[in-house]
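Going by UniProt numbering, the first residue of the sequence shown is number 1, and it counts up by one from there. Heads up: the structure comes next, in structure tokens.
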Amino acid sequence: MSRVYDAIEPSVIDELLLKLSVEEQGPKSEAGKIAKKEGIDFKDVSELRLDFKNILKIDNLWQFTKLVKLQLDNNFIEKIDGLGSLVNLQWLDLSFNNIEVIEGLDQLTKLRDLTFYNNKITTVGNMDTLTELQILSLGNNQLGTLTDLVYLRRFEKLNTLTLGGNPFCKTDEYYKYTIAHLPKLVYLNYRLIDDVKRDEAVEAYHDSIEALLHDEAIVQNKRIEQEESDSQRVIHKEAFVEDLNTSLLFESMFEEDAEASKLEQLPGVEELLQTYRETFNDVCMKLFEFGLKDRVKRKEEIDSFFQALNDAIQQNLKESLQPIQEFESQKGKVFSELVNCTDQETAEKRIAELSDSITALWDILMGLEMQLVDQLEESIKDFERNMADLVGSFVENVQELISQLRTLESNHHEKLSDIAVVTLEKLMKNELEEEMNDDVRVLFVDKDTIVNAVSASHDAHTFRIDNKEDDIVTRSNTRVQTLIEMIHADEIKRNRTRVNEINTLLDHYRDEIENFENSLGL
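Put into structure tokens, the structure is as follows:
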């Protein structure tokens with residue numbers, strides 16, 4: 001049954017409630033007391049209990065980005081919202097609330113365990129993105145249509161389902177229908193599904209299941225086709241030539257040409273356009289194929305660079321390991337020697353030698369790091385030059401092919417101009433064989449009018465061609481520039497991290513020696 005809050009003051013999820021809940025659930029040890037005193041960062045919390053808090057609306061959880069488990073059961077929640085930032089959530093309990101519609105879960109793609117037990121839900125849906133779902137509780141709701149359960153077939157990992165207490169559970173076919181149409185289920189209402197009963201149920205619903213499988217196969221094939229199309233689209237964009245394997249550029253020129261539809265009606269223009277379309281699209285296809293081939297060259301260069309970069313870093317780390325191991329060995333021997341040493345002078349001498357070894361180790365490790373920095377800097381410079389050459393060559397070839405498109409447009413413009421002038425002369429002499437529409441006739445008031453119309457058409461086409469060239473050139477240059485900037489930024493970050501690692505390691509060694517020295521009473 002739903003929860004009633006007429007006699008209870010509903011609360012909201014505010015900063016104070018969250019702070020108190022986090023502190024209440026924290027450790028009771030000394031560490032917990034310190035955490036309570038210093039404050040707990042919400043973004044570090046992995047589990048949160050907000051059950052029995054009389055909550056009416058979910059809100060203010062955006063800081064809990066690392067939350068894995070959330071309990072919101074036994075409240076007065078009517079609508080699921082405010083959970084979008086909890087992208088790491090795996091366990092969500094919304095049982096014993098007043099929820100009517102499943103919604104607001106799209107971002108929770110890691111959810112494995114989801115409970116809606118004892119709400120007012122009437123239909124199953126709006127969970128398409130929850131591909132990791134394994135356990136789902138929908139018991140004690142208002143589900144009345146058995147066929148709604150077919151929706152759950154999409155969850156490949158769903159093995160545990162609770163449905164008891166819903167209206168459709170009173171029907172004779174409920175159990176058989178459920179286990180027949182959800183073949184991946186292992187447990188229904190906390191009970192293991194018997195294989196024999198499942199086989200009998202599948203046989204009973206053979207026809208409907210076959211129809212479902214057929215429809216699902218169609219959907220699956222469409223999904224695969226769409227994924228392949230999307231994958232190809234990504235490649236085409238990386239090559240900066242998307243849609244150039246279609247007539248889109250040609251069509252776009254005429255979509256923005258206000259006079260195109262009128263000029264197409266002139267005698268001989270239809271045939272002229274057909275030839276123009278074919279030759280124009282042929283050049284676009286050449287540009288498309290060239291772009292794909294050149295993308296492969298750039299990708300090979302990029303992959304080769306990053307492989308060399310990683311190899312150099314790994315080799316440097318390997319070389320750094322030897323002096324560290326040698327120092328560890330020396331430290332172990334000295335500590336063993338001095339444990340029972342009674343000669344203070346000898347102990348102090350050996351400790352001093354260890355301290356000197358730390359300084360020497362720092363010199364070696366920092367020397368190796370500086371050597372790597374120089375090596376990577378040179379590699380990055382070579383990579384920049386290689387990419388500049390590749391992109392420069394790409395742009396040069398693109399501009400050559402684009403110039404062919406401009407030439408085709410200029411030739412078309414000249415031929416169209418000739419047709420327009422001849423048509424004007426025939427019109428003036430009443431020698432036109434076909435009647436001209438009024439919207440076309442207005443272009444032939446005089447020679448200037450028709451010439452201007454043809455020129456405007458030409459300008460519109462040229463504008464689209466120029467834009468395409470600018471788009472390809474700009475994106476190709478920007479992509480490389482962005483990549484180079486990222487590489488430099490990553491190298492600076494790597495170097496700082498490595499230097500910090502070295503200093504932290506050697507500080508640790510110094511602390512070890514100091515503690516050991518104190519233990520000896522030196």
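Glycine included, C-beta positions come from ideal geometry on N, C-alpha and C. Just so you know, these numbers come straight off a predicted model, no measurement behind them.
- Check the DSSP bridge columns for residue 47 and list the partner residues they point to. 69
- beta strand (DSSP E) segment containing residue 113, residue limits: Note, residue 113: beta strand (DSSP E), 113-115.
- Message: To test your reading of the DSSP string, which unbroken alpha helix (DSSP H) runs of 4 or more residues are found completely within the region 214-257?
- Response: With a minimum length of 4 residues, the continuous alpha helix (DSSP H) runs that stay inside the region 214-257 are 248-255.
- Query: Can you name, in chain order, every residue of its own chain whose Cβ lies under 8 Å from the Cβ of residue 497, other than the five neighbours on each side?
  - Reply: For residue 497, same chain residues with a beta-carbon under 8 Å away, outside a window of 5 residues either side, do not exist.
- For residue 77, count neighbouring C-beta atoms within 10 Å of its own C-beta (all shown protein chains included) and say buried if the count is 16 or more, exposed if not. buried
- Roughly how many angstroms lie between the CA atoms of residue 424 and residue 416, to the nearest whole one? Residue 424 and residue 416: Cα-Cα distance of roughly 12 Å.
- Going along the chain, which residues of its own chain have a beta-carbon closer than 6 Å to the beta-carbon of residue 472, five neighbours each way excluded? For residue 472, where only same-chain residues beyond five positions count, the Cβ hits under 6 Å are 240 and 398.
- Query: Cα separation between residue 47 and residue 109?
  - Reply: C-alpha separation (whole angstroms): 17 Å.
- Spatial distance of residue 523 from residue 120 (CA atoms): The first residue shown for the chain is 1 and the last is 522, placing residue 523 beyond what the model contains.
- Message: Given this structure, state the Cα-to-Cα distance separating residue 17 from residue 63, to the nearest angstrom.
- Response: 14 Å
- residue 379 vs residue 308 beta-carbon contact at 8 Å: yes
- Taking Cβ positions, are residue 58 and residue 80 nearer each other than 8 Å? yes
- Message: Just to confirm my understanding: we take residue 404, look at its own chain, exclude 5 residues before and 5 after, and list those with CB closer than 6 Å. What are they?
- Response: 283
- Please name the residue in 268, 238, 276 and 128 whose C-alpha comes closest to that of residue 254. The residue with the shortest Cα to Cα distance from residue 254 is 276.
- Query: Alpha carbon to alpha carbon, how far is residue 330 from residue 187?
  - Reply: Their Cα atoms are separated by approximately 60 Å.
- Could you tell me which residues DSSP puts in a beta bridge with residue 91? 69 and 113
- Quick one: complete alpha helix (DSSP H) runs, 4+ long, within the region 270-304? Listed in chain order, nothing qualifies, since the region 270-304 has no complete alpha helix (DSSP H) run of 4 or more residues.
- Query: Between the C-alpha atoms of residue 164 and residue 298, what's the straight-line distance to the nearest angstrom?
  - Reply: 59 Å
- Task: Please check the pair residue 162 and residue 190, which I expect to be a contact at CB under 8 Å, by giving their CB distance rounded to whole angstroms.
- Result: 7 Å
- Message: With three or more C-beta pairs closer than 8 Å as the rule, is the region 211-231 touching the region 449-463?
- Response: no
- Item | Contacts around residue 34, its chain only, beta-carbon distance under 7 Å, and the 5 residues preceding and following it disregarded | Note that residue 34 has pLDDT 43, beneath the 50 cutoff, so the model's placement of it is unreliable and no number is given.
- Task: Could you tell me which uninterrupted alpha helix (DSSP H) segments, each at least 4 residues in length, are contained entirely in the region 415-462, listed from first to last along the chain?
- Result: 438-441
- Query: Which stretch, first to last residue, makes up the beta strand (DSSP E) that contains residue 161?
  - Reply: 160-162
- For residue 487, name the three-state secondary structure that DSSP assigns. helix
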